[in-house]
Amino acid sequence: MVLRNDTLDVRSVADAALRGDAISRDEAAGVLRASDEHLPELLRQAFRVRAAHWGRRVKICVLQNARSGLCPEDCHYCSQSSVSTADIPRYRLLSRDRLVEGARQAASIGARRYCMVTSGRAPSDPDVRHLASAAREIRGELPDLELCVSVGLLEEDQARELQASGIGWVNHNLNTSERFHPSICTTHTYADRVRTVRNVKAAGMSTCSGGILGMGESDDDVVDLAFALRDLEVDSLPVNFLHAIDGTPFEGLGFVDPARALKALCLFRFVNPRADLRAAGGRERNLGDWQSLALFPANSIFVQGYLTTPGQAAEAARRMIEDLGLEVEAG
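216 is the number of the first residue of the sequence shown in our numbering; add one for each residue after it.
Rendered as structure tokens:
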């Protein structure tokens, strides 16, 4: 039986995604606005697309907060920003030994990817050299561990230096639509973020870019973001759900409805069928008991927490994956 939601034929949307065809904006909006009774079919069709490119594998990823706080930017969602009074650790760039040890710990719990994240507007050239030095040591010891960095606005020559050290991915989220971006940050522009993603691509590195849901954006903003990421042909696509932290400008915002969160993941999968789609920050807090369902559209998750907030323990995540009949992607 083919499910139709008003004019939306979900199977046809999935078939188009499987062919690599772009679905229409109306179809994308229809996925996000589908009634909750249609959610099981949306998840089933999204899994068809996910399985075609990623099988039944789930990639486990670990974040390392390599520099915490001390950021001059005013990103309203972030506990590390200049406008945040959140009670978080604040420290300068971790030593190479600490970064390498973090990679060892990630590998020991079965992580496939290790991402070193620094607060701040942009990395200095010494920052880039320091991360590259750590990466070379990690690559020598753990050659199968995927290495990613998230360092803010990045120049192409800096990206090339990181690539030469063995780092394969750079994360820099668009976060939301171009229209809504001034509502979440004023110290840099949406165009600055797009430029960083393009610099990463020009350097021959793989791109990791996604967004955050639950910041007051409209359905159109979510659709715009999904298509912007398609236009940029991003390789990895993390979908975060706002974890409103006390002391940030967004501290009063509530939870993302679990059904809406799952529909959004389906939307990103249909629009970006080949992407390494990650159910990222806020997954545990917003989805709660529904979080295992995120693995129908998504093929990747973070474990062991986020930059300044806790997350699902690796062993619990592994059990969740196996209970669904899926398998942890081996390194």
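For each residue, glycine too, the CB sits at the ideal point set by N, CA and C.
Scanning the stretch 453-504 for uninterrupted alpha helix (DSSP H) segments of 4 residues or longer gives 473-486 and 498-502, listed from N- to C-terminal end.
With at least 16 other beta carbons inside 10 angstroms of its own, A490 counts as buried.
Judged by beta-carbon spacing, T391 lies beyond the 8 angstroms limit of E448, meaning their Cβ atoms are not closer than that value.
Residue pairing by DSSP places N280 opposite V332 in a beta bridge. Of P397, V343 and L522, the smallest CA-CA separation from A301 is found for L522.
S365 sits in a strand when the DSSP states are folded into three classes. Fewer than three pairs of CB atoms, one per stretch, sit closer than 8 angstroms, so the stretch 306-315 makes no contact with the stretch 383-403. A residue is called buried once 16 or more other Cβ atoms fall within 10 Å of its Cβ, and Y329 is buried on that count. Closest option to G381, judged by alpha-carbon separation, among C293, V343, D224 and A529: V343.
Cβ atoms of V454 and F483 come within 8 angstroms of each other, at about 6 angstroms. Contact between A545 and I516 is absent: CB atoms are separated by about 16 angstroms, not below the 8 angstroms threshold. Fewer than three pairs of CB atoms, one per stretch, sit closer than 8 angstroms, so the stretch 220-240 makes no contact with the stretch 269-281. Per DSSP, the unbroken beta strand (DSSP E) holding F517 starts and ends at S515 to F517. As the crow flies, the alpha-carbon of L257 is around 36 angstroms from that of Q320.
Checking the DSSP bridge columns, you'll see N390 partnered with G426.
A check of alpha carbon separations from R327 across N514, D472, L510 and G540 identifies N514 as the nearest. Membership of F262 in the alpha helix (DSSP H) is indicated by the continuous run L254 to W269. Partner residues in the beta bridge of E542, as assigned by DSSP, are R272.
The residue among G503, P464 and D538 with its C-alpha nearest the C-alpha of A474 is G503.
Taking C-beta atoms under 8 angstroms as the contact rule, V409 and L389 qualify, at a distance of about 7 angstroms. Burial is judged here by how many other beta carbons sit within 10 angstroms of a residue's own beta carbon; A528 has fewer than 16 and is exposed.
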